[in-house]
Structures are given as C-alpha cells and as structure tokens.
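Structure first, then comments.
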Amino acid sequence: MAAPSPTPFYRLFNSSVDSRPTSLKTATIFGPKLKSGETEQAHLRLLTSFKHLKFKASKEPLGLTQQLDNSKLESLTESENGSDLFEDLKHRFLRFKRRKFKENLDHFQNLAQAQAPKFMIIACADSRVCPSIILGFQPGEAFMVRNVANLVPTFESGPSETNAALEFAVNSLKVENILVIGHSCCGGIHALMSMEDEVDSSSFIRSWVVVGKNAKLITKSAASNLSFDQQCRHCEKESVNHSLLNLLTYPWIEEKVAEGALSVHGGYYDFIDCTFEKWTLDYKASNREKHSRFAVKNQFYWC
1 MAAPSPTPFY RLFNSSVDSR PTSLKTATIF GPKLKSGETE QAHLRLLTSF
51 KHLKFKASKE PLGLTQQLDN SKLESLTESE NGSDLFEDLK HRFLRFKRRK
101 FKENLDHFQN LAQAQAPKFM IIACADSRVC PSIILGFQPG EAFMVRNVAN
151 LVPTFESGPS ETNAALEFAV NSLKVENILV IGHSCCGGIH ALMSMEDEVD
201 SSSFIRSWVV VGKNAKLITK SAASNLSFDQ QCRHCEKESV NHSLLNLLTY
251 PWIEEKVAEG ALSVHGGYYD FIDCTFEKWT LDYKASNREK HSRFAVKNQF
301 YWC
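Take the sequence shown: its letters are residues 1 to 303, numbered as in UniProt numbering.
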C-alpha cells in the first residue's frame, strides 16, 4: 500500500527549524513570576544566608570550611546550568505556540477531539534518531513508539509497552502503515552482538535486546568474515526485517495485512552520511510459518 500523500496542513508546518538562541538571560532560582522588588529582596535573603553559612563555617577547621564553600558554589552552578537548559526549552515551547499552534489553531482543536494517524512508527530511543525531524511528521500524522534498538517482540513474548502500543494503533486508531526504523551506530544492536549467549545476567538491556537474537544468529552466520563493526551494521538492518516478521505473529496484524488494510515497512537511517532506505514486506512471498524468510517490495534509497 502506497503511503498517503502529505496533507495541505503539512505544508503549513514546512518551515525551517529555528536555531537555538545565541544568548539567554541569566535565569534566577526564584522563577520568572517575581516582581523586580521581590527578586531583589530574595537575592538579599540568599546573600544574608550565605554569609551566615560562611561565618559558622569559620569556626571549623580550614579544610572543612573550604569544602563547604566549594560544595555550595558547585551546587549553585549546577542549579544555574539546569535553569539555563529549561529556560531554553521554555523559549522553544513559546516559539512553537506562537508560530505553529496559534497559526494552525483549527487543526490543533480538531486533534484535541480525536486522532487519525496513517502511520505507526517504531524507532530507536537514540537521541540522534528523531522520526519527526528526519521524515517531517507533524502532530496527528504518526503514532510513535521508541525503544532500545527499535525491536518488536513476538506475540508469544507476552505484554510489553511496544505490543500494547501496537494493539492500540492497529485496532483502535486503524493505522494503515507500520514503519520500523533502524539506524547506524545503534548501541542496542552493539550490545546484542557483544553479549555472550551463555552468560546469565539480570541486566534490563540484555533482557530486552535478546528479542533480536535471531537477527544476531543470522548475522554471525552470513557475515562471519566481516569486522565486528560491519557485522553490527548488518545486524542493524537484519533486526528490522525480523521485527517485520514478528509483527505477523500478532493475529490481528496478520489478518489486516492479508486483507490489504495494513502494510508493514522497514527503514534504515544512516546519520553518518544522511541517507534513508525504505522497503515494504511482501506478505505473499514471505515464509511466515518458520519466520525465517522474508521478501520485500517497493524498495527505495533516498540520498
């Protein structure tokens, strides 16, 4: 099934991303709602308290006094840095409200009543991989789940955040496309390829990435002559295809795919050279009984 063409609303949002402000006002720990007189009084109270602390510390050994002073200064510095970060986020939010929300108020009011996305996206939690930035998704266009290594567990694996989202997106939102996006330099796949099969571990990461063990086994067999980094890259794509096959283990997903009401797609984003590969699972040509062979169609390479 072909992906739906962008709606006119998409073009309303198709503006360049604002760069981070080059300068920000120094944030105070008292918040922006204080009046100027109140701020001055608050500063005086802080200064008085700080002097009182130094006076008490002067009665202690010199080493302890120095430690207290350093600790206090480090604490204030950390607080100011944290305030700067959230001050930046505040400006970004207000910019969004002014330039996006208010200018498209009707659309956002409609979204407040209901959502009808055409896509469900399963992507990695990696901070370098943001589907909305990479593919230009706008509010209401895609229902998204992000987890470590963009893995899809099988139906038999039991409840998880990912398959709960799948159930909601497919059965309630009636999405028409599921797109699983892998990416370069994936830490989750690196962990999967690095771990020893016989080692028992209570690590949450190990317990999760083991979902991709079949992709690892195939990679080790097919790319044994390659370097470890090359094997990881191979597995990054292999795991996407296994996730597509895992999607078909959900009866309500396979039923809709067989009917043509739902299509499942794979994607691979290489953020080193900024390229994107996209392909669609060929349901009829894939071996679904053994979940070991897949066929693809509509394969594209965007660069």
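Backbone N, C-alpha and C fix where the C-beta goes; we use that ideal spot for every residue, glycine too.
Assigned secondary structure, residue i (DSSP; H/G/I helix, E/B strand, else coil)
| i | result |
| --- | --- |
| residue 230 | helix |
| residue 143 | strand |
| residue 263 | strand |
| residue 272 | coil |
| residue 162 | helix |
| residue 248 | coil |
| residue 295 | coil |
| residue 93 | helix |
Contact under 8 Å by Cβ, residue i with residue j
| i | j | result |
| --- | --- | --- |
| residue 334 | residue 183 | Given that the chain is displayed from residue 1 to residue 303, the structure contains no residue 334 and the question cannot be resolved. |
| residue 155 | residue 283 | no |
| residue 145 | residue 252 | no |
| residue 268 | residue 134 | no |
| residue 186 | residue 124 | yes |
| residue 244 | residue 168 | no |
| residue 173 | residue 116 | yes |
Residues of its chain near residue i, where Cβ-Cβ distance is below 6 Å and the 5 sequence neighbours each way are ignored
| i | result |
| --- | --- |
| residue 51 | Caution applies to residue 51, whose pLDDT of 42 falls short of 50 and renders its modelled position unreliable; the value that the coordinates give is listed next. Answer for residue 51: no residue qualifies. |
| residue 153 | 160, 211 |
| residue 299 | 279 |
| residue 301 | 277 |
| residue 272 | 184 |
Beta carbon proximity, residue i to chain C, threshold 8 Å
| i | result |
| --- | --- |
| residue 294 | As a matter of chain content, chain C is missing from the structure shown, which is built from one protein chain. |
Chain-order list of residues whose beta-carbon lies under 7 Å from that of residue i (same chain, five-residue window excluded)
| i | result |
| --- | --- |
| residue 296 | 279, 280, 281, 282 |
| residue 195 | 206 |
Cutoff 8 Å; reference residue i; Cβ partners in own chain excluding five residues on either side
| i | result |
| --- | --- |
| residue 162 | 122, 145, 147, 151, 152, 153 |
| residue 226 | 234 |
| residue 240 | 150, 180, 181, 182, 266, 267, 268 |
Does the region 135-152 come within contact of the region 221-234, defined as at least 3 CB pairs closer than 8 Å?
Touching, no.
For the pair the region 107-124 and the region 133-146, tell me if three or more CB-CB distances fall below 8 Å.
Yes, the region 107-124 is in contact with the region 133-146.
Where in the region 170-225 do unbroken runs of the alpha helix (DSSP H), each at least 4 residues long, occur, reported from the N-terminal end onward?
Here the runs fully enclosed are 187-194, 204-209, 213-222.
Evaluate the contact criterion for the region 255-262 versus the region 212-219: three or more CB pairs, one atom per stretch, below 8 Å.
Contact fails: fewer than three Cβ-Cβ distances are below 8 Å.
Touching by the beta-carbon criterion (3+ pairs, under 8 Å), the region 108-122 and the region 176-194:
With the cut-off at 8 Å, the region 108-122 and the region 176-194 touch.
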